[in-house]
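Below is one structure; the comments refer to it alone.
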Amino acid sequence: MDEVKQIVSNIKNGNIAPIYFLTGEEPYYIDKIAEYIEKNVLTEEERGFNQVILYGKEITIEDIVGNAKRYPMMAERQVVIVKEAQHLSRSIENLVSYADQPQPSTILVLCYKYNKLDKRKKLYKSIKKSGVIFEGKKLYENQVGEWIKKSLHSRGYGITFKAANLLVEFLGTDLGKIDKELEKLCLVVPKGVEINPEAIESNIGISKDYNNFELKKAIGERDVEKATRIVNYFAQNPKDNPFVLTITLLYSFFIQLLSYHGLKDHSPKSVSSALGIRPFFVSEIQTAARNYPMRRVSEIISSLRELDVKGKGVGSNISQADLLKELLIKIF
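First residue of the sequence shown: 44, per the numbering used here; consecutive thereafter.
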């Protein structure tokens, strides 16, 4: 996020590079930087003649160079934005001659999502000299909650720890998807208010009581009654609670539990560091470890693998309701 802020700050201050190569597994910031350049570098009047949007599926490197070498009309600069540039991966190195001598009056922006340049090759070195290379790295699940907190803080909102984790559990690590839901919340929740699970349940439709986060906790505590209530709710609302998400989360949880049993140092700080989890979740792991010894955890992991295969329809055609019932039987 700091790197993105620096790029935007430089553009605001008139320190604009001739080439922006935006790459990486996380598309959210690639889109944000490209969108900022698209909306802010040229005036509304200048954009009509001096801003071109191209798509990698429809063009060649020669088309990009041809557009980039044009001179602006009645303006100091022109902007050429290439979206979906990753479709040009086989020929992208042919851009090296332009990168060696970019047109000073052109701002060329390449959105090269889900991919990255080979740092050993000429194009990377050429753009590094004359332009800006930004790599959007995918956040780990345990980093997304903090990202949500910072994102809301910049908009004048707070959020409880449980509410942030509820969003992560339901939406995953897709920052674009999360940002859209945060925008919805900011439209209906008064500024300055701390967003809680009730606000998320009311405005996004995620249940604060019946979700995978609470199911994992109930299983860890061996609370059969609560876990049964949750899976019954899932069975009645299969579209909002796909089995694949449930099995994936529980599999990761029991893998962490297996790793915990293998640690020599069970202090909260050591466990948090070794398992890559927040200190808040250490007590949850410790409780589960008392309820599930290592041998039992290994058996459960094996069962979860079998259920994952069944859930994908391999060799069976079982309803989600029956899969969820079998899940609890195998665990408890």
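Cβ atoms here follow ideal geometry from the backbone N, Cα and C, with glycine treated the same way.
Query	Result
Euclidean distance between Cα positions of P147 and N246	48 Å
Inter-residue spacing [alpha-carbon to alpha-carbon] between K100 and Y155	12 Å
Reference S134, options I124, K164 and K259, closest by Cα	K164
Span separating the alpha-carbon of I150 from that of E237	41 Å
Own chain, CB closer than 8 Å to L160, minus 5 neighbours either side, in chain order	F64, T66, I135, L166, Y167, I170 and I176
Sequence ranges, beta strand (DSSP E) only - wholly within the stretch 129 to 165, length at least 3	149 to 156
Spatial distance of S315 from N255 (CA atoms)	21 Å
Stretch-stretch touch, CB-based, cutoff 8 Å, three pairs: the stretch 251 to 271 with the stretch 303 to 317	no
DSSP-derived helix/strand/coil call for F177	strand
Environment of F296 [buried if 16+ CB atoms lie within 10 Å]	buried
Terminal residues of the beta strand (DSSP E) in which V357 lies	No beta strand (DSSP E) contains V357, which DSSP labels as neither H nor E.
Minimum C-alpha distance to R90 - residue among S302, I290, V122 and L293	V122
C-alpha gap between V152 and L225, whole angstroms	27 Å
Spatial distance of R321 from R113 (CA atoms)	52 Å
Within 8 Å, strictly: CB atoms of Y79 and G179	no
Beta-carbon proximity check, L293 vs M337, cutoff 8 Å	no
Selection from A60, D106, S173 and K172 that minimises the alpha carbon distance to R120	A60
Beta-carbon spacing of I249, F204 below 8 Å	no
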